[in-house]
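Per the working numbering, the sequence shown starts with residue 58, numbered consecutively.
Beta carbons are placed, not taken as given, at the ideal position from N, Cα and C, and that holds for glycine.
Please read the structure below before turning to the comments.
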Amino acid sequence: MAELEELEDLEELARLKGRALNWLEKMGSCLSWKVIGPDIHNPYAPVLPERMLFELAYRTERLKKILTVRCMCEGYEVMQIKNLQSPMIITDHPCVNAMTYAEIYEFLEEYGVNKKVEEEITRIQEEIKALLGKKEQEEENDKSPKARKNKPGKKESQKVGNKGFRVIKK
58 MAELEELEDL
68 EELARLKGRA
78 LNWLEKMGSC
88 LSWKVIGPDI
98 HNPYAPVLPE
108 RMLFELAYRT
118 ERLKKILTVR
128 CMCEGYEVMQ
138 IKNLQSPMII
148 TDHPCVNAMT
158 YAEIYEFLEE
168 YGVNKKVEEE
178 ITRIQEEIKA
188 LLGKKEQEEE
198 NDKSPKARKN
208 KPGKKESQKV
218 GNKGFRVIKK
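Shown next as structure tokens:
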């Protein structure tokens, strides 16, 4: 019953637009979108320099260049959009291949995907800012004077055996 209502809604939408629905519009409820950003919390990944983190945190256009948006349908990747500054759409799906860039961008705008991506970009930037703040706090803690522990000095450690002279036997 719900499928029939959904089908009628799609037909109504097609009539309102004055054209047939494209594949993304038909599958809109089954699609999930994920923004993939820099892997800053992975201890095994290369560490990004602070300068780069600072740029990503405060310059949205720089972050958009390295982000990837992944579209999934029932667990399978349907499409990837890389470099959100000048988007590059990667897909092997025959229905998406047949669509024009304008149709894809129109779908992203109509269904609020762009808005979700912008929210995710803001979240990623806040995460990077928090990481920078944490690093700055650690640096300040390292600079504070520490109590010196009583460790034996170099001269005290050399007092063991032969008073530091080396004996060579022939």
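When only Cα atoms are considered, residue 151 and residue 184 end up about 37 Å apart.
In the DSSP assignment, residue 176 falls within the alpha helix (DSSP H) that extends over 170 to 200. A Cβ-Cβ distance of about 7 Å is found for the pair residue 107 and residue 189, placing them in contact under the 8 Å criterion. With a beta-carbon spacing of about 16 Å, residue 138 and residue 95 fall beyond the 8 Å limit used to define contacts. In the structure shown, residue 110 adopts helical secondary structure according to DSSP, grouped into three states.
A straight-line Cα-Cα distance of about 34 Å links residue 186 and residue 86.
The alpha-carbon of residue 170 is positioned some 30 Å away from that of residue 104. About 7 Å separates the beta carbon of residue 79 from that of residue 164, a gap short enough to meet the 8 Å contact definition. For residue 160 and residue 167, the gap between their C-alpha atoms comes out near 10 Å.
Boundaries of the beta strand (DSSP E) harbouring residue 130: 125 to 130, taken from the DSSP string.
DSSP, reduced to helix, strand and coil, places residue 225 outside both helices and strands of the structure shown, so it counts as coil. Pairing residue 114 with residue 182 gives a Cβ-Cβ distance under 8 Å.
Here residue 91 has 127 as same chain residues with Cβ atoms under 6 Å from its own Cβ, once five neighbours each way along the sequence are excluded.
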